[in-house]
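Participant: Every number in my numbering is 14 more than the matching position in the sequence shown, counting from 1. There's a structure below that I have some questions on.
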Amino acid sequence: MALLLVLCAVVRSRGSAATGAAAIATGAARPNAWQHSQKQEDTLAAGRALLNERVLANAALPLMWSDEFDGASLKTSVWGMEIGDGSGVGLPGWGNNEQQCYTASPSNVAIVPDPSDPSNGLLQITVRQNPGWSCDNGAAPASVRNYTSARLHTRNSLGVRYSDNGTPVRVEARIKFPIADGLWPAFWMLPQQPNDYGLWCASGEIDILEHVNAATTVNATLHYGGIPGGGGFDAPDCVNKGSVTDLGPAVAGWHTYGVEWAPAYIAFSIDGAEWYRAESSEWYSGSAPDSETAPFDRPFHLILNLAAGGGLPERDQPGVQIAPGDHSLFVDWVRVYGVAPIVPAGGLALSPVPSPLSPAPRPSPLATRSPLPLLPTLMPA
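Written as structure tokens, this is what we have:
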């Protein structure tokens, strides 16, 4: 049981976001927080216009690590892969009623040439329609699924956190995701284990990017709170707080999604423009209620996945059906600035930053602390 609890904490599904969406969906007088009133739509449109104009540039953070996905194959020394439908870790449907079986098959995860520049490599994660697929769930019985996909993580190779002297860490990925009903691409982070704060949600979660269905909006969310020890997937008193921004038709194109994390704040950006910020005074952990920084003061690992179906697409669009055919999420690169990644005990040594990138640190777009009135917060505290 102890092992299962640890596994649930480590490979917890998008369920934290789904639980967050559930909390939103059951909020007073808000059956669906992802569907906006016309007033909210007007505010989002105005916010989008301001976002397009407001690119901040201050306080350069040096590039400390990257994966450019330019090799012949995925670096399995960095990226691990989840396998199955979640039953093997006690979370069938990955806790969200997701319909896919995760595999390590090249048909679901591969490095491919960039069509616009064959010398450039891309990570491709593909949801494939595979009716009657026998899903390998490890120690749990096999199940039948109609979709396969992939979920990558750095749980065993690297974690990120700001430095002990307060230098922020910034994580960015250049991503293009499919715009189709029933799909749920995400770039997010969970805590490394062992973790002082126990299970979700007391141990925290950082969702840098989520998108569902054919929406023009993208979401960023923090998950925290809970009870002492966390309580696991169905823990009470979890807080899910974040924001949503409308990118319009441009949502279908390439964008750089990022988070900058310091002791006092966590700030989310798109293409170098900060669009949502949370202060440390807003979050807490049920396992350390007197801490000013818990749970976001421990290393977190990176996750990239593309889910088929699940709670958030359904809440965004009740009755939604998964679009037929195959759909791909592409990632040009993942980069860490400011603070070198943390290698867990027993983890593999990381390759240094490629030399062509080393002399050119990216400016931090998140240093300016002017207020951001442009985007509504559509999630309750």
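Positions of the beta carbon are idealized from the N, C-alpha and C atoms, including for glycine.
Leu261 to Pro155, Cα distance in whole Å?
Facilitator: 42 angstroms
Participant: Cβ atoms of Ala164 and Met95: under 8 angstroms apart, would you say?
Facilitator: Yes. Within cutoff.
Participant: Check whether the Cβ atoms of Tyr116 and Gly104 lie closer than 8 angstroms to each other.
Facilitator: No, Cβ-Cβ distance for Tyr116 and Gly104 is not below 8 angstroms.
Participant: Under 8 angstroms Cβ to Cβ from Pro250, same chain only, skipping five residues before and after it: list those, please.
Facilitator: Closer than 8 angstroms at the Cβ level, and outside the excluded window around Pro250, lie Gly240 and Ile241.
Participant: Among His269, Tyr351 and Ala337, which residue has its Cα nearest to the Cα of Gly196?
Facilitator: Checked all of His269, Tyr351 and Ala337; the closest Cα to Gly196 is Ala337.
Participant: Starting from the Cα of Trp93, find the closest Cα among Ser295, Asn170 and Gly352 and give me that residue.
Facilitator: Asn170
Participant: How would you label Pro192, buried or exposed, when you count the other beta carbons within 10 angstroms and need 16 or more for buried?
Facilitator: buried
Participant: Per DSSP, which residues does Phe282 bridge with? Please list them.
Facilitator: Val273 and Tyr290
Participant: What is the DSSP secondary structure of Leu261, counted as helix, strand or coil?
Facilitator: coil
Participant: Where does Pro373 fall in DSSP's three states?
Facilitator: At Pro373, the pLDDT of 30 sits below 50, so the modelled position is not reliable; the number obtained from the coordinates is stated separately. Pro373 falls in the coil class under three-state DSSP.
Participant: Label Ala287 either buried or exposed according to how many other C-beta atoms from any shown protein chain fall within 10 Å of its C-beta, with 16 as the threshold for buried.
Facilitator: So Ala287 ends up on the buried side.
Participant: Evaluate the contact criterion for the region 206 to 216 versus the region 266 to 286: three or more CB pairs, one atom per stretch, below 8 angstroms.
Facilitator: Inter-segment contact for the region 206 to 216 and the region 266 to 286 is absent: fewer than three beta-carbon pairs are separated by less than 8 angstroms.
Participant: From Thr235 to Asp150, what distance separates their C-alpha atoms?
Facilitator: 31 angstroms
Participant: Nearest-angstrom Cα distance between Ser342 and Pro199?
Facilitator: Rounded to the nearest whole angstrom, the CA to CA distance from Ser342 to Pro199 is 9 angstroms.
Participant: Once the 5 residues before and after Val226 are set aside, which same chain residues still bring their CB inside 6 angstroms of it?
Facilitator: Contacts found: Trp198, Leu326, Pro327 and Asp330.
Participant: So, for Thr307: in the same chain, excluding its five sequence neighbours on each side, which residues have a beta-carbon less than 7 angstroms away from its beta-carbon?
Facilitator: Pro277 and Ser294
Participant: From the DSSP output, in three-state form, read off Ala321 for me.
Facilitator: Judged by DSSP in its simplified three-state form, Ala321 adopts strand.
Participant: To test your reading of the DSSP string, which unbroken alpha helix (DSSP H) runs of 4 or more residues are found completely within the region 84 to 143?
Facilitator: none
Participant: Among Ala322, Asn233 and Leu204, which has the Cα closest to the Cα of Pro309?
Facilitator: Leu204
Participant: I think Trp347 touches Arg188, with their Cβ atoms under 8 angstroms apart; what is that distance to the nearest whole Å?
Facilitator: 6 angstroms
Participant: If we cut at 8 angstroms on Cβ distances, does Ala187 have a partner in chain D?
Facilitator: You won't find chain D in this structure, because it holds only one protein chain.
Participant: Check each candidate in Asp340, Gly218, Pro355 and Ala321 and name the one with the smallest Cα separation from Asn110.
Facilitator: Ala321
Participant: Assign Tyr238 to buried or exposed, taking buried as 16 or more other Cβ atoms, counted over all protein chains shown, within 10 Å of its Cβ.
Facilitator: buried
Participant: Does Ser301 come out as helix, strand or coil in the three-state DSSP assignment?
Facilitator: coil
Participant: Exposed or buried, what is Thr40 when buried is set at 16 or more other beta-carbons lying within 10 Å of its beta-carbon?
Facilitator: The predicted model places Thr40 with a pLDDT of 24, which falls under 50 and marks its position as unreliable; any figure quoted below should be read in that light. When all chains shown are included, Thr40 counts as exposed.
Participant: Could you tell me the distance, in whole angstroms, from the CA atom of Gly231 to the CA atom of Ala264?
Facilitator: Per the sequence presented here, residue 231 reads as Thr, with Gly not at that position. Cα to Cα, Thr231 sits roughly 10 angstroms from Ala264.
Participant: Return the chain-ordered list of same chain residues with a C-beta closer than 6 angstroms to the C-beta of Ile139, the five sequence neighbours on each side being excluded.
Facilitator: Val123, Ala164, Leu320 and Leu343
Participant: Suppose the cutoff is 8 angstroms on Cβ atoms and the five residues either side in sequence are ignored; what does the same chain contact list for Trp147 look like?
Facilitator: Cys115, Val158, Arg159, Asn160, Tyr161 and Thr162
Participant: Sort out for me which residues DSSP pairs Thr231 with in a bridge.
Facilitator: Asp260
Participant: Tell me the DSSP secondary structure of Leu172 in three-state form.
Facilitator: coil
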